[in-house]
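Protein chains in written order, with the numbering used here: chain X, 180 to 295; chain Z, 816 to 925.
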């Protein structure tokens, strides 16, 4: 079974530039998550999709971050314009069931963003 | 108060010892609790889940839950150097959101 695919793995940009990350979840997984993990911290949920609808985006900085999940499969997370504090690993995860009650999230390898 | 709190460590134990990792949470209505392991530079992977008070054992790992005290722990028996990683406590709160703690770094010395 293929895992969660993410790209790019690494990205270096200057502040005020834009960046986009892509994620393809495990086939059949209805729920998709984007987490931000700053060095030395635990993952912080940015947005959760159930199929192609948003379940939770309460911690997404909507003035600069956007995310979409067209057709309920893969997803894109965009940051525009980037700030220094956006330097982090952006983790995409998927789960078979809604609400993550099983807690079993499958994570991709992450996209490491460095903002200079 | 953070929703899920862990000691950041690092926690250092000798090989073969028991490693004890602790976690507290603030949402009393939380129903499900998880431990993820994250090796350096890698993504988190689920190692244990626990839903009811008491102990749950899986090989060398034991998860313990005390809902009255809002406390979750993970014990690793016969610790191995390969257990060296950051252990993330995650709690599914009443809103159905999975909240992670900041993680405890464990170092097992040969």
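Note that CB positions come from ideal geometry on N, CA and C, so glycine has one too.
Boundaries of the beta strand (DSSP E) around residue 198 (chain X): 198–203. Residue 873 (chain Z) is classed as exposed because its beta carbon has fewer than 16 other beta carbons within 10 Å across all chains shown. Out of Z:891, Z:907, Z:908 and Z:843, the CA that lies nearest to the CA of residue 901 (chain Z) is found in Z:891. Residue 816 (chain Z) is positioned such that its CB atom lies no closer than 9 Å to that of residue 918 (chain Z).
Around residue 273 (chain X), the same chain offers 183, 204, 205, 208, 211 and 285 as residues with beta carbons nearer than 6 Å, after the five sequence neighbours per side are excluded. For residue 837 (chain Z), the CB contacts under 6 Å within the same chain, skipping 5 residues up- and downstream, are 888 in chain order. By the Cβ criterion, the region 818–825 of chain Z is not in contact with the region 240–256 of chain X, since fewer than three pairs of Cβ atoms, one from each stretch, lie closer than 8 Å. Taking the CA atoms as reference points, residue 834 (chain Z) sits about 14 Å from residue 850 (chain Z). Residue environment: residue 188 (chain X) is assigned as exposed (fewer than 16 neighbouring CB atoms within 10 Å of its CB, all protein chains considered). Interface annotation, residue 190 (chain X): not in contact with chain Z, CB-CB separation never under 9 Å.
Proximity of chain Z to residue 236 (chain X) at the Cβ level (cut-off 7 Å) is not reached, the minimal Cβ distance being about 11 Å. Using a Cβ-Cβ cut-off of 7 Å, residue 858 (chain Z) is close to 270, 286, 287, 288 and 289 of chain X, given in chain order. Shown here, residue 820 (chain Z) sits in a strand according to DSSP, grouped into three states. For residue 262 (chain X), the closest Cβ of chain Z is not nearer than 9 Å. As for any beta strand (DSSP E) of minimum length 3 sitting wholly inside the region 830–918 of chain Z, the runs are 834–840, 847–853, 860–865, 869–873, 876–881, 886–891, 900–907 and 913–915, ordered along the chain. The C-beta of residue 884 (chain Z) comes no closer than 9 Å to any C-beta of chain X. In the three-state scheme derived from DSSP, where H, G and I count as helix and E and B as strand, residue 921 (chain Z) is classed as strand. Residues of the region 893–918 of chain Z with a C-beta atom less than 7 Å from some C-beta of chain X are 903, 905, 907, 911, 912, 913, 915, 916, 917 and 918, listed in chain order. Judged by DSSP in its simplified three-state form, residue 251 (chain X) adopts helix.
Separation of residue 225 (chain X) and residue 909 (chain Z) (C-alpha to C-alpha, rounded to the nearest whole angstrom) is 18 Å. Setting aside the 5 residues that flank it on each side, residue 882 (chain Z) is surrounded in the same chain by 868, each with a C-beta closer than 6 Å to its C-beta; the list follows chain order. Within 10 angstroms of the beta-carbon of residue 870 (chain Z) lie fewer than 16 other beta-carbons, which makes it exposed. Cβ proximity to chain Z below 7 Å picks out 220 and 221 from the region 205–221 of chain X.
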